[in-house]
Amino acid sequence: MKEQVSELKKIYESYKVQNISLNMERGWPCKEQLELSMPMLDLVTSHTNLCLENDYRGYAGTAGIAPLKKLFAEVLQVSEEQIYIGGTMSTTIMYDLINKAVVFGFDGFMPWKDFKGGVKFLCPSPGYEKHFNICKTFGIEMIQIPMNDFGPDMDFVEELVKEDDSIKGIWCVPLYSNPTGIIYSDETIQRLASMETKAEDFRIIWDNAYCVHHLTVEKCQIRNIIDECMEHGYPDRVFEFTSTSKITFPGGGVGVCASSVDNIKWLTQKSLLQLKSGDKINQLRHSMFFPSVEALNAHMKKHMDIIKPKFDLVDRILHEQLDEWNIATWINPKGGYFINIKLLNGMAHNVWEKCKEVGVSITPAGSTFPYGEDKEDAYLRIAPTYPSLEDLDKAMHVLCVAIKLSYLEKHNLINIMEENHG
Ligand SMILES: Cc1ncc(COP(=O)(O)O)c(C=O)c1O
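Just so you know, the sequence shown maps onto residues 6 to 427 in this note's numbering.
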């Protein structure tokens, strides 16, 4: 054991002098992925017919051009009137939706800012930190909800929403959840759609960011929550989101919202002043690049071919390095952008710091929890897509050494052994 400890320390010290600078922090597409969409930029030229609908060169058309609405209606299995395309990324629409709920209230409801004592949101955790930061920005109190292998703990959710009309919503990433990679079960989705809520303006923010981002040929599917809510008598309960940020270009893509026809009418009308017209030329570029769902899926298969080996590499190194230690669990997800490592309690911050000290960036410990508070201090999120395979290999080995050292330190093994043998 002593040799093992000093060997680990030696390796860790050797990393310190190597001037490493590796990043597994953000779920960004890598350069090869971005290259895939370059041909899209050649599709709209001065020769392209833009005099379509109300003339794509002009002001008219707030909620998106028809061919792109048709594409996303098919992807999300709704009608075209249930689609709103606004801005270039989904976070803009999600942020704006919460802003509108706070300032104006949903159609026919009191603005959340006027609710005595303030309003609350359910935050399945670990989750996507931007969701939590939106709540923080608008002073919405966050209630942490434990996640299990099938989605949020629904017993907990149902009990809370039944009793408390200040609970106005829940954030959900239902397919290849960020960061755990889990997929919401049929039962979870049906319970979310049918549960009784004391707040009539309770809303599910269904962030289906990874709806076409599969990492297996099987293409996992989830139930259509918009239909489920409709069937259970709550047609306006859910706003679903997705975007092309990780399909084409982050920031240069299109943000999409799907909901009931009434909600989309309300959102469109409420957005008229701020977004008289989206970037219809960029939307046209996208609809020409993806003339059908088949074309979109073929493009996503190319993404999968680039990033799947990275996920497999992370999974393999974790198994090779940590299996016999029994101190970490994770799943190799069937889609999405992240791998979530659950360590023994009390290790995450220390491991994150150890990685940082030698130049490996991972998502800060705690940041996948509301207020940055992971009470168990156990969760670390890895984003494998951006680095090259070679860099990822190195970064993962650093991470595994950091995990082992942190474990030994935490259990005081290093100090005790040094005392005994010193
Ligand atoms: C769950 C989830 N939603 C939304 C986003 C960002 O989407 P967009 O670029 O469309 O704002 C991300 C990016 O990591 C994400 O993981």
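Where a beta carbon is used, it is the ideal one built from N, C-alpha and C, also for glycine.
Since the model is a prediction, treat every value here as computed from it, not as a measurement.
Going by the beta-carbon positions, is the gap between residue 105 and residue 347 smaller than 7 Å? By 1-based counting over the sequence shown, the position of residue 105 is 100. By 1-based counting over the sequence shown, the position of residue 347 is 342. In this structure, residue 347 does not lie closer than 7 Å to residue 105 by Cβ.
Compare the beta carbon distance of residue 128 and residue 120 with 7 Å and say whether it is the shorter of the two. In the sequence shown, the residue the question calls residue 128 occupies position 123. In the sequence shown, the residue the question calls residue 120 occupies position 115. No. Outside cutoff.
Touching by the beta-carbon criterion (3+ pairs, under 8 Å), the stretch 87-94 and the stretch 253-265: yes
What residue from 61, 41, 278 has the CA that sits closest to residue 50's CA? As a first step, residue 50 must be located in the sequence shown, where it is residue number 45. The residue with the shortest Cα to Cα distance from residue 50 is 61.
Report the three-state DSSP secondary structure of residue 149 (helix, strand or coil). On the sequence shown, residue 149 is found 144 positions in, with the first residue counted as 1. Reduced to three states, the DSSP call for residue 149 is strand.
Identity of the residue in 370, 216, 382, 309 nearest residue 35 by Cα: Locating residue 35 in the sequence shown gives position 30, where the first residue counts as 1. The residue with the shortest Cα to Cα distance from residue 35 is 309.
Check whether the Cβ of residue 94 lies closer than 6 Å to any heavy atom of ligand 1, and answer yes or no. Along the sequence shown, read from residue 1 onward, the residue named residue 94 stands at position 89. For ligand 1, at least one heavy atom lies less than 6 Å from the Cβ of residue 94.
Quick check on this structure: which residue in 326, 290, 179 has the alpha carbon closest to the alpha carbon of residue 13? One-based indexing of the sequence shown puts residue 13 at position 8. Nearest C-alpha to residue 13: 326.
To the nearest angstrom, how far is the alpha carbon of residue 307 from that of residue 8? Mapped onto the sequence shown, residue 307 falls at position 302. Mapped onto the sequence shown, residue 8 falls at position 3. Using only the alpha carbons, I get a separation of about 45 Å.
Taking the alpha-carbon of residue 167 as reference, which of 402, 202, 388 has the nearest alpha-carbon? Taking the first residue of the sequence shown as position 1, residue 167 is located at position 162. When only C-alpha atoms are compared, the closest one is 202.
Classify residue 380 as helix, strand or coil using the three-state DSSP reduction. Counted from its first residue, the sequence shown places residue 380 at position 375. In the structure shown, residue 380 sits in coil (DSSP, three-state: anything other than H, G, I, E or B).
Identified DSSP bridge partners for residue 211: Sequence index remark: in the sequence shown, residue 211 carries index 206 (1-based). Residue 211 is bridged to 177, 245.
Note the first and the last residue of the continuous beta strand (DSSP E) segment covering residue 35. Stepping through the sequence shown from its first residue, residue 35 is reached at position 30. First-last for residue 35: undefined, no H or E at that position.
Considering only their Cβ atoms, is the gap separating residue 156 from residue 193 smaller than 7 Å? Within the sequence shown, numbered from 1, the residue matching residue 193 stands at position 188. Within the sequence shown, numbered from 1, the residue matching residue 156 stands at position 151. Closer than 7 Å, so yes.
Have a look at the DSSP bridge pairing and note the partners of residue 334. Position 329 of the sequence shown, counting from 1, holds the residue named residue 334. BP columns for residue 334 point to 347.
What is the DSSP secondary structure of residue 97, counted as helix, strand or coil? By one-based count along the sequence shown, residue 97 stands at place 92. DSSP places residue 97 in helix when its eight states are reduced to three.
Can residue 214 be considered in contact with ligand 1, in the sense that its beta carbon sits closer than 6 Å to one or more heavy atoms? What you label residue 214 is simply residue 209 of the sequence shown in a count that begins at 1. Yes - ligand 1 has a heavy atom lying nearer than 6 Å to the Cβ of residue 214.
For residue 316, which option in 365, 79, 391, 132 has the closest C-alpha, if you only look at C-alpha atoms? As a working mapping, residue 316 is identified with position 311 in the sequence shown. Considering only alpha carbons, the answer is 391.
Please confirm whether any heavy atom of ligand 1 lies closer than 6 Å to the CB of residue 250. Within the sequence shown, numbered from 1, the residue matching residue 250 stands at position 245. Yes, ligand 1 has a heavy atom inside 6 Å of this Cβ.
Any non-hydrogen atom of ligand 1 within 6 Å of residue 54 CB: As a first step, residue 54 is located in the sequence shown; it is residue number 49 there, counting from the start. Incorrect: residue 54 has no Cβ contact closer than 6 Å to ligand 1.
Contact between the stretch 399-416 and the stretch 349-357: three or more CB pairs below 8 Å? yes
Drop a sphere of 10 angstroms on the beta-carbon of residue 149, count the other beta-carbons inside from all chains shown, and report buried for 16 or more, exposed for fewer. Against the sequence shown, residue 149 aligns to sequence position 144. Buried, since its Cβ has 16 or more Cβ neighbours within 10 Å.
Contact belief for residue 80 with residue 216 at Cβ below 8 Å, rounded distance in angstroms: In the sequence shown, counting from the first residue as 1, residue 80 sits at position 75. In the sequence shown, counting from the first residue as 1, residue 216 sits at position 211. That pair is a contact at about 6 Å.
Report the residue ranges of all alpha helix (DSSP H) runs contained in full by the stretch 113-137; include only those spanning at least 4 residues, in chain order. none
Counting Cβ pairs closer than 8 Å, one from the stretch 382-400 and one from the stretch 333-347, do we hit at least three? yes
Buried or exposed for residue 324, going by 16 or more other Cβ atoms inside 10 Å? Translated into the one-based positions of the sequence shown, residue 324 becomes position 319. Flag for residue 324 reads exposed.
Among 400, 45, 163, the one whose alpha carbon lies nearest that of residue 319: Taking the first residue of the sequence shown as 1, we reach residue 319 at position 314. Per the Cα distances, 400.
Boundaries of the beta strand (DSSP E) in which residue 366 is found, first to last residue: On the sequence shown, residue 366 is found 361 positions in, with the first residue counted as 1. 365-367 is the span of the beta strand (DSSP E), which, as asked, contains residue 366.
Among all the DSSP beta bridges, which residues are the ones paired with residue 157? Stepping through the sequence shown from its first residue, residue 157 is reached at position 152. Partner(s): 152.
If you count every other CB in all the chains shown that lies within 10 Å of the CB of residue 183, and 16 or more means buried, which is it? One-based indexing of the sequence shown puts residue 183 at position 178. Answer is buried; the Cβ neighbour count reaches 16.
Select from 284, 53, 244, 252 the residue whose C-alpha is nearest the C-alpha of residue 270. What you label residue 270 is simply residue 265 of the sequence shown in a count that begins at 1. Checked all of 284, 53, 244, 252; the closest Cα to residue 270 is 244.
Apply the 10 Å Cβ neighbour rule to residue 45 and answer buried if 16 or more other Cβ atoms are within range, or exposed otherwise. Residue mapping note: residue 45 aligns to position 40 of the sequence shown, counting from 1. Classification for residue 45: buried.
Report the residue from 286, 135, 189 whose alpha carbon sits nearest the alpha carbon of residue 53. On the sequence shown, position 48 is the one that residue 53 refers to. Closest option to residue 53, Cα to Cα, is 286.
Identify the residues that DSSP records as bridge partners of residue 219: which are they? As a working note, residue 219 is residue 214 in the sequence shown. Per DSSP, 340.
Only counting the same chain, and skipping five residues up and downstream in sequence, which positions put a Cβ closer than 7 Å to that of residue 96? For the purposes of this step, residue 96 is taken as the residue at position 91 of the sequence shown. Counting only Cβ-Cβ distances below 7 Å, and skipping sequence neighbours, we find 135.
Does ligand 1 have a heavy atom nearer than 6 Å to the CB of residue 384? To locate residue 384, count along the sequence shown from 1; it is residue 379. Outside the cutoff, so no.
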